[in-house]
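J.: In the working numbering, the protein residues as written are 45 to 262.
Ideal Cβ positions, reconstructed from N, Cα and C, are used throughout, including at glycine.
1. Since residue 220 and residue 190 should fall inside the 8 Å C-beta cutoff, what is the C-beta to C-beta distance between them, to a whole number of angstroms?
2. Quick check on the DSSP output: what are the complete alpha helix (DSSP H) runs of length 4 or more inside the stretch 92-123, in order along the chain?
3. Rounded to a whole number of angstroms, what is the C-alpha to C-alpha distance between residue 253 and residue 198?
4. Which residue wins for smallest C-alpha separation from residue 165, given the options 225, 251, 205, 119?
5. DSSP has residue 131 in a bridge; who is on the other side?
6. Near residue 246, which residues of its chain fall below 8 Å by C-beta distance, leaving aside the five closest residues on each side in sequence?
7. Quick test of the definition: if touching needs 3 or more C-beta pairs under 8 Å, does the stretch 100-117 touch the stretch 128-145?
8. Around the C-beta of residue 169, are 16 or more other C-beta atoms found within 10 angstroms, so that it is buried, or is it exposed?
9. Pull up the distance between the alpha-carbon of residue 77 and that of residue 126, whole angstroms please.
10. Hey, could you find the ends of the alpha helix (DSSP H) residue 229 is sitting in?
11. With distance defined between alpha-carbon atoms, name the residue in 157, 184, 183 nearest to residue 171.
12. How should residue 80 be labelled, buried or exposed, when 16 other C-beta atoms within 10 angstroms of its C-beta is the threshold for buried?
13. Since I believe residue 151 is in contact with residue 178 (beta carbons under 8 Å), could you give me their beta-carbon distance rounded to a whole number of angstroms?
14. On a Cα-Cα basis, can you pick out the residue from 213, 244, 128, 163 that is closest to residue 202?
15. Is any non-hydrogen atom of the ligand GTP found closer than 8 Å to the C-beta of residue 253, if you look at the structure I gave you?
16. Assuming residue 211 is part of the beta strand (DSSP E), what are its boundary residues?
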């Protein structure tokens with residue numbers, strides 16, 4: 045991280061005048077699914093990512109896309125999922141970030157529920173591929189991942205197994221276990237019974253904010 049200090053001389057005295065050092069704001073790159081993209085929130089600023097960005101001094105580049113996962117994507121017909129014709133998977137969005145010169149301090153991967161219909165072997169290969177790409181292309185960023193999130197209903201066993209695999213791949217210190225903030229709380233879920241509403245996004249933000257703060261410090 046670059047620290048800029050400017051020194052200017054005062055013509056009357058010749059004494060140096062130092063302006064305060066300027067520290068860039070901590071930057072986060074977010075890759076994920078519809079929960080991370082903010083689906084279900086009434087406004088972008090009420091999504092969990094929006095709340096985290098608004099209530100801290102962090103800048104968040106949100107490249108999450110609805111309907112996607114480590115493996116799941118839409119090549120066409122993705123309007124109902126992410127609002128666009130094409131909804132790329134996590135790695136494709138990471139590749140776009142790299143090409144665009146995004147240089148984050150912290151990369152957060154949050155998703156996985158959309159991959160549960162995929163073969164487990166292919167799912168795990170996609171998880172490995174993503175984190176290998178991130179480690180290679182963003183060597184100065186810390187890379188963390190959350191457990192895959194679920195709605196108010198009972199989460200399937202496959203979701204926990206995927207979370208265990210993600211934890212194994214990133215390492216325990218880089219795994220942000222949020223629990224399931226929507227579990228048993230239909231009041232936190234939108235009318236579609238899938239996505240968090242404003243209350244749900246606020247609950248996720250409360251769970252993840254301190255963990256992101258710790259990750260940026262270490």
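T.: Result, derived from the coordinates:
1. Residue 220 to residue 190, Cβ: 5 Å. Contact.
2. The stretch 92-123 contains these whole alpha helix (DSSP H) runs: 92-98.
3. Distance between residue 253 and residue 198, taken at the CA atoms: about 24 Å.
4. Of 225, 251, 205, 119, the residue nearest in Cα terms is 205.
5. For residue 131, which the question treats as bridged, DSSP gives the partners 118.
6. Close CB contacts of residue 246 within its chain, under the 8 Å cut and outside five residues either way in sequence, are with 90, 92, 95 (chain order).
7. Using a Cβ-Cβ distance cut-off of 8 Å, the stretch 100-117 and the stretch 128-145 are in contact, since at least three pairs of beta carbons, one from each stretch, lie closer than that value.
8. Burial call: exposed.
9. C-alpha separation (whole angstroms): 9 Å.
10. From DSSP, residue 229 is part of no alpha helix (DSSP H); its letter is neither H nor E.
11. If you compare the alpha carbons of 157, 184, 183 with that of residue 171, the shortest gap goes to 157.
12. Classification of residue 80: buried, given that the 10 Å Cβ count is 16 or more.
13. With a beta-carbon spacing of about 6 Å, residue 178 and residue 151 fall inside the 8 Å limit used to define contacts.
14. When 213, 244, 128, 163 are compared, the shortest CA-CA separation from residue 202 is found for 163.
15. Among the components of this structure there are no ligands whatsoever, and the ligand GTP is therefore not found.
16. Where residue 211 is concerned, there is no enclosing beta strand (DSSP E), although the alpha helix (DSSP H) around it starts and stops at 201-214.
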